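Participant: Pasting in a structure now, in structure tokens, and then I'll have a few things to ask.
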Amino acid sequence: MTRAYNFGAGPAMLPESVLEKARSQMLEFDDAGTSIMELGHRTAMFQEILLKLEAKLRALIGIPANYKVLFLPGGGQGQFSLVPMNMTKHNKKVDYFVTGIWSERAAKFARRYANVNIVTEASLSSIPDRSTWKLQNDAAYAYYCPNETINGLAFPDIPDCGNVPLVADATSSLLSENIDISKFGILFAAAQKNLGIAGVTLLIIREDLLNNSIDETPEVFNYAIQAKENSCLNTIPTFPVYMMDLMVDWMIDQGGLPAITEINKRKVGKLYQCIDSSNGFYTNPIDKRYRSQVNVPFTLPDDKLLNLFLAEAAKVGLRYLNGHKLVGGARASLYNAMPEIGVDKLVSFMHDFAKKHR
Ligand SMILES: Cc1ncc(COP(=O)(O)O)c(C=O)c1O
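Following this note's numbering, the numbering of the sequence shown begins with 2 at its first residue and continues without gaps.
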């Protein structure tokens, strides 16, 4: 068996040690006499995993005490509907930054529940100057996607929306770098990038924002109810939670967010440097001020070369480098589990490929 370097955007690569640990506990978790997948979510053993996981996440990310931590089903896109459902009981005015495919879809889903004002509509490659933003100072919340996974565009800073609670879809950026949670009202991330596997979404919410849900909100998706029930109103996705726990332990072992931030800066710096020094053989279409630090899209001179590039890269163990079908080209996603050596190998392959086919 050869494990490749998986540059896919998600479900993403996991550290081998995490997979090994899961394998070693597959038949029996500790002395439970059963696997984690067969263990009741209300057993003392599982509840202890959950409690400890929350404590570790609070320490790792720096989640203040006045925030609740929820583990919810429904993926990232589930939150596109659940955020407006949970936030617009008293005020239907909401602000959306549209900077790519994901925030555009979130704005679209929100229209069913709220009056959506578009603060700014970016091209897929840049963000308009903040002097042009149309923020409402009486909105129920302002929503944005810090890192657009598909087009590879990111906000360099957290946008200042005054007293309006800021909601962030941090699915592809949470845990990639240090972040000040106190600047947010809500922050959510589906787990399948930096937090393990698909099936659970981490949602961090400031306590005073609970209890704003419209009456139609299903109980299992109601933030206030799930906060009261410690995310266990119904059966929590136990295996994805367990995998998140293993990922969190692994990130702590890496030295936590300060160390991870440094490694990630080096990784992405090497890749952009390779693209920028290729004399136009590879191009990243994003305004340099707004380049993603996680998902790096790039194009080659033509489709024939692109297909050859993808095929030859796969042969040397550099896989899933194809861009999203909506934007085409190639894309390398550099989540935490992608080791620096994987990026070094990619960069070296890209240099050689360009030299040969220029
Ligand atoms: C930024 C962002 N938001 C939302 C989603 C959708 O997540 P899900 O497939 O879990 O609904 C993705 C998936 O890649 C994403 O990258």
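Using N, Cα and C, we set each Cβ at its ideal position, and we do this for glycine too.
For clarity, every value in this text was computed on a predicted model and none was experimentally measured.
In chain order, which alpha helix (DSSP H) runs of at least 4 residues are fully inside the segment 33-86?
Facilitator: 45-58, all fully within the segment 33-86.
Participant: Just to confirm, does THR150 get its C-beta within under 8 Å of one of the non-hydrogen atoms of ligand 1?
Facilitator: Locating residue 150 in the sequence shown gives position 149, counting from the first residue. Yes.
Participant: In this structure, does DSSP put PHE189 in helix, strand or coil?
Facilitator: Sequence index remark: in the sequence shown, residue 189 carries index 188 (1-based). Of the three classes helix, strand and coil, the one that applies to PHE189 here is strand, per DSSP.
Participant: Report the rounded CA-to-CA distance for PRO157 versus ARG292, giving the unit in angstroms.
Facilitator: Here the question's residue 157 lines up with position 156 in the sequence shown. Here the question's residue 292 lines up with position 291 in the sequence shown. Approximately 8 Å, taken between the alpha carbons.
Participant: Rounded to a whole number of angstroms, what is the C-alpha to C-alpha distance between ALA225 and SER183?
Facilitator: By 1-based counting over the sequence shown, the position of residue 225 is 224. By 1-based counting over the sequence shown, the position of residue 183 is 182. In this model, ALA225 and SER183 are separated by some 19 Å (Cα to Cα).
Participant: Please classify PRO259: does DSSP put it in a helix, a strand, or coil?
Facilitator: Counted from its first residue, the sequence shown places residue 259 at position 258. If DSSP states are grouped into helix, strand and coil, PRO259 belongs with the helices.
Participant: For ALA111, verify whether its CB is less than 8 Å away from any heavy atom of ligand 1.
Facilitator: In the sequence shown, the residue the question calls residue 111 occupies position 110. ALA111 Cβ: outside cutoff for every heavy atom of ligand 1.
Participant: Taking the CB atoms as reference points, tell me whether THR300 and TYR273 lie closer together than 9 Å.
Facilitator: By 1-based counting over the sequence shown, the position of residue 300 is 299. By 1-based counting over the sequence shown, the position of residue 273 is 272. Cβ distance not < 9 Å, so THR300 and TYR273 don't count as in contact.
Participant: By a C-beta neighbour count over all protein chains shown, 10 Å radius and 16 as the cutoff for buried, is THR218 buried or exposed?
Facilitator: In the sequence shown, counting from the first residue as 1, residue 218 sits at position 217. THR218 comes out buried.
Participant: Evaluate the contact criterion for the segment 68-75 versus the segment 97-104: three or more CB pairs, one atom per stretch, below 8 Å.
Facilitator: no
Participant: Please report whether the beta-carbon of GLN48 lies at a distance below 9 Å from any beta-carbon of chain C.
Facilitator: Protein chain content of the structure displayed is limited to a single chain, and chain C is not contained in it.
Participant: Spatial neighbours of PHE310 within its chain, please: C-beta separation below 7 Å, excluding the five flanking residues on both sides.
Facilitator: Counting from 1 along the sequence shown, the entry for residue 310 is found at position 309. Excluding positions up to five away in sequence, the list reads LEU301, ALA331 and PHE354.
Participant: What number of angstroms, rounded off, separates the C-alpha of THR239 from the C-alpha of ALA56?
Facilitator: Locating residue 239 in the sequence shown gives position 238, counting from the first residue. Locating residue 56 in the sequence shown gives position 55, counting from the first residue. If I take the Cα positions, the gap works out to 17 Å.
Participant: Distance check for CYS162 and ASN138, CA to CA, integer angstroms please.
Facilitator: One-based indexing of the sequence shown puts residue 138 at position 137. One-based indexing of the sequence shown puts residue 162 at position 161. CYS162 has its alpha-carbon roughly 8 Å from the corresponding atom of ASN138.
Participant: Thinking C-alpha only, which one of ASN308, LEU327, ALA333 and GLY9 is nearest ASN285?
Facilitator: Within the sequence shown, numbered from 1, the residue matching residue 285 stands at position 284. Nearest Cα to ASN285 within the set ASN308, LEU327, ALA333 and GLY9: ALA333.
Participant: Shorter than 8 Å, the distance from the beta carbon of ALA108 to the closest heavy atom of ligand 1, or not?
Facilitator: Within the sequence shown, residue 108 is the residue found at index 107, counting from 1. Result no, Cβ not under 8 Å from ligand 1.
Participant: Out of ILE215, GLU313, GLY329 and ILE50, which one is the CA nearest neighbour of SER349?
Facilitator: Within the sequence shown, the letter at position 348 stands for residue 349. Among ILE215, GLU313, GLY329 and ILE50, the Cα nearest to that of SER349 is on GLU313.
Participant: With distances taken from CA atoms, which of ASN296, MET339, LYS346 and ASP345 is nearest GLY324?
Facilitator: Counting from one through the sequence shown, the residue named residue 324 turns up at place 323. Among ASN296, MET339, LYS346 and ASP345, the Cα nearest to that of GLY324 belongs to ASN296.
Participant: Please state the DSSP three-state secondary structure of ASN308.
Facilitator: Numbered from its first residue, the sequence shown carries residue 308 at position 307. It is helical.
Participant: Under a Cβ-count criterion, where at least 16 other Cβ atoms within 10 Å of its own Cβ denotes burial, should LYS194 be classed as buried or exposed?
Facilitator: In the sequence shown, the residue the question calls residue 194 occupies position 193. Buried, because 16 or more other Cβ atoms sit within 10 Å of the Cβ of LYS194.
Participant: For LEU327, which residues in the same chain have their Cβ closer than 8 Å to its Cβ, ignoring the five residues on either side in sequence?
Facilitator: As a first step, residue 327 is located in the sequence shown; it is residue number 326 there, counting from the start. Cβ neighbours of LEU327 beyond the five flanking positions: ILE102 and ILE151.
Participant: With DSSP run on the structure shown, which of helix, strand or coil describes PRO340?
Facilitator: For the purposes of this step, residue 340 is identified with residue 339 of the sequence shown, where counting begins at 1. Three-state DSSP puts PRO340 in coil, outside helix and strand.
Participant: Quick check: the segment 195-206 against the segment 244-251, are at least 3 beta-carbon pairs closer than 8 Å?
Facilitator: Segment contact: the segment 244-251 against the segment 195-206, three or more CB-CB distances shorter than 8 Å; contact assigned.
Participant: With a cut-off of 8 Å, do at least 3 Cβ pairs link the segment 230-238 to the segment 102-113?
Facilitator: no
Participant: From ARG142 to SER104, what does the alpha carbon distance come to, in whole angstroms?
Facilitator: Walking along the sequence shown from the start, residue 142 turns up at place 141. Walking along the sequence shown from the start, residue 104 turns up at place 103. What sits at residue 142 in the sequence shown is Tyr, not Arg. About 14 Å.
Participant: How about the segment 253-262 and the segment 23-39: do they share at least three Cβ pairs that are nearer than 8 Å?
Facilitator: Contact between the segment 253-262 and the segment 23-39 is not established, with fewer than three Cβ pairs separated by less than 8 Å.
Participant: Using the Cβ count rule (16 or more neighbours within 10 Å means buried), how would you classify GLU149?
Facilitator: As a position in the sequence shown, residue 149 is number 148, starting the count at 1. Buried is the call here.
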